[in-house]
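Asker: My structure is below; once you've seen it, I'll send some questions.
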Amino acid sequence: YGRGQILVGNNLSSTSAHFFLDMNDWNLQAAVGSYFDFASLVKLPSMCLAKDDISTLNNEITAPPNTSIRKIWMLLNNGDETWPEGCFLQFSGGDLMSSWERLTIVGPVLPGQTAMLIADLKSPAQPGIYKSKWRLATPTGTYFGDTIWIIMSVIENEPSELVKQMSNLNTFGETPSSVHHQNPDATANLNPFGHKSSEVSS
Numbered sequence: 210y211g212r213g214q215i216l217v218g219n220n221l222s223s224t225s226a227h228f229f230l231d232m233n234d235w236n237l238q239a240a241v242g243s244y245f246d247f248a249s250l251v252k253l254p255s256m257c258l259a260k261d262d263i264s265t266l267n268n269e270i271t272a273p274p275n276t277s278i279r280k281i282w283m284l285l286n287n288g289d290e291t292w293p294e295g296c297f298l299q300f301s302g303g304d305l306m307s308s309w310e311r312l313t314i315v316g317p318v319l320p321g322q323t324a325m326l327i328a329d330l331k332s333p334a335q336p337g338i339y340k341s342k343w344r345l346a347t348p349t350g351t352y353f354g355d356t357i358w359i360i361m362s363v364i365e366n367e368p369s370e371l372v373k374q375m376s377n378l379n380t381f382g383e384t385p386s387s388v389h390h391q392n393p394d395a396t397a398n399l400n401p402f403g404h405k406s407s408e409v410s411s
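Residue numbers (the numbering used here): 210 to 411.
What follows is the structure, encoded as structure tokens:
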């Protein structure tokens, strides 16, 4: 069905492609013709992101490996057509970071209204940058609206780096009084640019 998707564009999901091919006994030319006949009669809904990721206020996620994350979107019906009951968010490419590939929207959603989607994700086991592509689809599987991306940076905490940071905090945390009572010569020796007054030539 990949050739069919190339011919008709990115709005055709794999589910829809299977439907039109099966309806036409897997004749590609007939299936493409049926799709365009159907598309000319049916006006697709419209969607844009009203607010991305209420939970973190950021489209890019940074997390340690194997960490559970909740992602929240507010989707706006910015068109003239009501989203019928049964629309769903479908994984359509990239790295799958969940145990599911489809999330149903509670509908219908009238023009001007918003729908909240809550997705429970899990960061991959290996450090790296991962991208996941999602599309909203009608009950028959036809994509519509903006593409939704999930971009996740998986970073593993290094214990040695954490120990170094804690050591630095301890050094910089000395009180002014403890510094004041140090030997002046010792203080100068701690500063690579420091000089004792007796050593400065006139």
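C-beta: ideal position from N, C-alpha, C; glycine also.
Note down the Cα distance separating residue 279 from residue 359, rounded to an integer number of angstroms.
Answerer: 12 Å
Asker: Can you grab the Cα-Cα spacing for the pair residue 339 / residue 303, in whole Å?
Answerer: 8 Å
Asker: DSSP three-state label for residue 253, please.
Answerer: coil
Asker: Which same chain residues, not among the five before or five after residue 384, have their C-beta less than 8 Å away from its C-beta?
Answerer: Reliability of the predicted coordinates at residue 384 is poor, the pLDDT of 46 falling under 50, and the value obtained from them is presented with this limitation in mind. Cβ neighbours of residue 384 beyond the five flanking positions: none.
Asker: Please report how far the alpha carbon of residue 414 lies from the alpha carbon of residue 277, in whole angstroms.
Answerer: There is no way to answer for residue 414, as the model of the chain reaches only from 210 to 411.
Asker: What is the rounded straight-line gap between the Cα of residue 297 and the Cα of residue 274?
Answerer: 28 Å
Asker: In this structure, how does DSSP classify residue 330 when only helix, strand and coil are distinguished?
Answerer: strand
Asker: Looking only at its chain, what residues have a beta carbon closer than 6 Å to the beta carbon of residue 323, apart from the 5 residues adjacent to it on each side?
Answerer: 259, 283, 285
Asker: Quick check: what's the CA-CA separation for residue 336 versus residue 271?
Answerer: 10 Å
Asker: Classify residue 231 as helix, strand or coil using the three-state DSSP reduction.
Answerer: helix
Asker: Alpha carbons only, please: which of 348, 300, 317 is nearest the one belonging to residue 309?
Answerer: 300
Asker: Taking only three categories from DSSP, how would you classify residue 285?
Answerer: strand
Asker: Considering only residues of the same chain and omitting the five flanking positions on each side of residue 252, which have a CB-CB separation below 7 Å?
Answerer: 290
Asker: Per DSSP, residue 269 is paired with what?
Answerer: Partner(s): 360.
Asker: How far does the beta strand (DSSP E) with residue 338 in it extend, from its first residue to its last?
Answerer: 337-346
Asker: What first and last residue would you give for the beta strand (DSSP E) that runs through residue 303?
Answerer: 297-303
Asker: Determine, for residue 362, whether the minimum Cβ-Cβ distance to residues of chain B falls below 8 Å.
Answerer: The structure shown contains no chain B; it holds only a single protein chain.
Asker: Out of 235, 255, 237, 231, which has the shortest C-alpha to C-alpha gap to residue 352?
Answerer: 255
Asker: CA-CA distance, residue 316 and residue 342?
Answerer: 22 Å
Asker: Output needed for residue 346: all residues of its chain with C-beta closer than 6 Å, excluding positions within five of it in sequence on either side, in chain order.
Answerer: 222, 297, 299, 352
Asker: Alpha carbon to alpha carbon, how far is residue 354 from residue 307?
Answerer: 22 Å
Asker: Smallest Cα separation from residue 321: which of 292, 361, 332, 356?
Answerer: 292
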